[in-house]
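Counting from 1041, one number per residue, gives the positions in the sequence shown under the numbering used here. Glycine is no exception: its CB is placed at the ideal position from the N, C-alpha and C atoms. Here's the structure, in C-alpha cells; my notes come after.
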Amino acid sequence: MVSYCMPRARIPLLVNVPYPSVRSNIERMMALEVGVEVFVSNNLIDEIDLDEAKRVGQELRGRAIPCTLHAPYMDLSPGGVDRKVVEISRDRLKRAIEIANLMEARGIVCHPGYDRWRFGGHEQLWLDNSVETWGQVLKEADKGLLVMVENIFEEEPATLLSLLGHFKDRLWYCFDSGHFNLFSKLPVEEWLVPLKDHLREFHLHDNHGRSDEHLPIGRGSFPFRELRQFLQRLPDIVCVAEIANEEMVIDAIKSARAYLT
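If you want it as C-alpha cells, here you go:
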C-alpha cells in the first residue's frame, strides 16, 4: 500500500468518486485517510444493483470511510414547468435517495435547478413546484440522511433561502465554492451568513471565474481566506475536494487538508 504523509484535517475531508470506481479505490481512500462522495450519473442510476449498493456501503463502513452521495442532475428540473420533466426529475431524485439509504450514507447533495435565465420573474412558480418536488423526495429519506441542495447558477441566495425555509431541519445546504466564484454577485460573508444555520457540507474547488475548472484550492481566484474564517465557526460539517481531473487528486487533497488543518 502506498503511504502518504499528510496532516489530518480538523474537518472531515472527502473526495468525489464515480460510483463504478468506488470499490477499486477503497484501499487508496484508506491510505489517504479520506472519505468519499459517490457520484451517481443519470444513466447509471437505472443500472445500479441495489443489493450491490448496500454491499458497497457496508464495505465503506467496515473501513470507517465516511460516505455521501451526489445525485444525478443533467437535464433535471425539480422546480420546472413541464410536468413530464418534473416527474422524471422526481423519479431520479427518489431513486438516488433509495441508493443513499441502502448505502447508509451521511448525506446526499442535489441540484435545485434554479437559474434566472429560465425562471427570472417566475420565482414563485419555481418555488411552488420545487416545494412539491422536495416534499415528495424527502419522504423517501431515512432518518439520519441529510438531503442537501447546492448553489449552482444562483447569483444571490434568496431562492435557496426560500426553498430551505419550507423544510426546516429537513432540507439542508451545501456551499460550492467553484459555482459561487462563477455566478455570485455577493461577497462570501454576505452570501453565507443568511445560510449558516442550513450548512452541512462544502464543495471545495477553485477556478478563474470563467469556467467550472474544478482546480485544487489556491489554483484560481476564489477567496479562500475569507471562507476559512467562516468555516472555523461552523460545527458538524464535512468538506469535499471536488476535482474533475484524476491527475490533480493528490494535490487537491494536500491543499484541502492544509487549508482545513
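Cβ neighbour criterion (16 or more within 10 Å) applied to residue i
{"i": "ASN1169", "result": "buried"}
{"i": "ALA1298", "result": "exposed"}
{"i": "GLU1266", "result": "exposed"}
{"i": "VAL1121", "result": "exposed"}
Alpha helix (DSSP H) segment containing residue i, residue limits
{"i": "ALA1071", "result": "1066–1072"}
{"i": "VAL1126", "result": "1123–1143"}
{"i": "ALA1198", "result": "1198–1205"}
{"i": "TRP1220", "result": "For clarity, residue 1220 is Phe in the given sequence; the question names Trp instead. Note, PHE1220: alpha helix (DSSP H), 1217–1223."}
Nearest-angstrom beta carbon gap, residue j and residue i [assumed within contact, 8 angstroms]
{"i": "ILE1283", "j": "ASN1056", "result": "7 angstroms"}
{"i": "LYS1134", "j": "GLU1190", "result": "19 angstroms between Cβ atoms; not a contact."}
{"i": "THR1173", "j": "ARG1130", "result": "5 angstroms"}
Whether residue i touches residue j by CB criterion (9 angstroms)
{"i": "VAL1187", "j": "VAL1171", "result": "no"}
{"i": "HIS1238", "j": "TRP1212", "result": "yes"}
{"i": "TRP1166", "j": "GLU1196", "result": "no"}
{"i": "ILE1088", "j": "PRO1112", "result": "no"}
Residue i versus residue j: straight-line alpha-carbon distance, rounded
{"i": "GLY1337", "j": "LEU1053", "result": "For residue 1337 there is no data in the structure shown, the boundaries of the chain being 1041 and 1301."}
{"i": "TYR1303", "j": "ILE1051", "result": "With the chain covering only 1041 through 1301, there is no way to say anything about residue 1303."}
{"i": "ALA1281", "j": "SER1217", "result": "10 angstroms"}
{"i": "GLU1127", "j": "THR1301", "result": "43 angstroms"}
{"i": "ALA1145", "j": "MET1069", "result": "16 angstroms"}
{"i": "TYR1044", "j": "ALA1071", "result": "Unreliable placement is indicated for TYR1044, whose pLDDT of 44 sits below 50; the coordinate value is still reported in the next sentence. Whole-angstrom Cα-Cα distance: 7 angstroms."}
{"i": "LEU1255", "j": "VAL1125", "result": "32 angstroms"}
{"i": "ILE1293", "j": "LEU1226", "result": "28 angstroms"}
{"i": "ARG1103", "j": "ARG1123", "result": "43 angstroms"}
{"i": "PRO1263", "j": "ASP1091", "result": "43 angstroms"}
{"i": "ARG1158", "j": "MET1114", "result": "15 angstroms"}
Unbroken beta strand (DSSP E) run spanning residue i, endpoints
{"i": "PHE1270", "result": "It is not in any beta strand (DSSP E) - PHE1270 instead sits in the alpha helix (DSSP H) that spans 1264–1271."}
{"i": "TYR1299", "result": "From DSSP, TYR1299 is part of no beta strand (DSSP E) but of the alpha helix (DSSP H) over 1289–1300."}
{"i": "LEU1116", "result": "Where LEU1116 is concerned, there is no enclosing beta strand (DSSP E), given that its DSSP letter is neither H nor E."}
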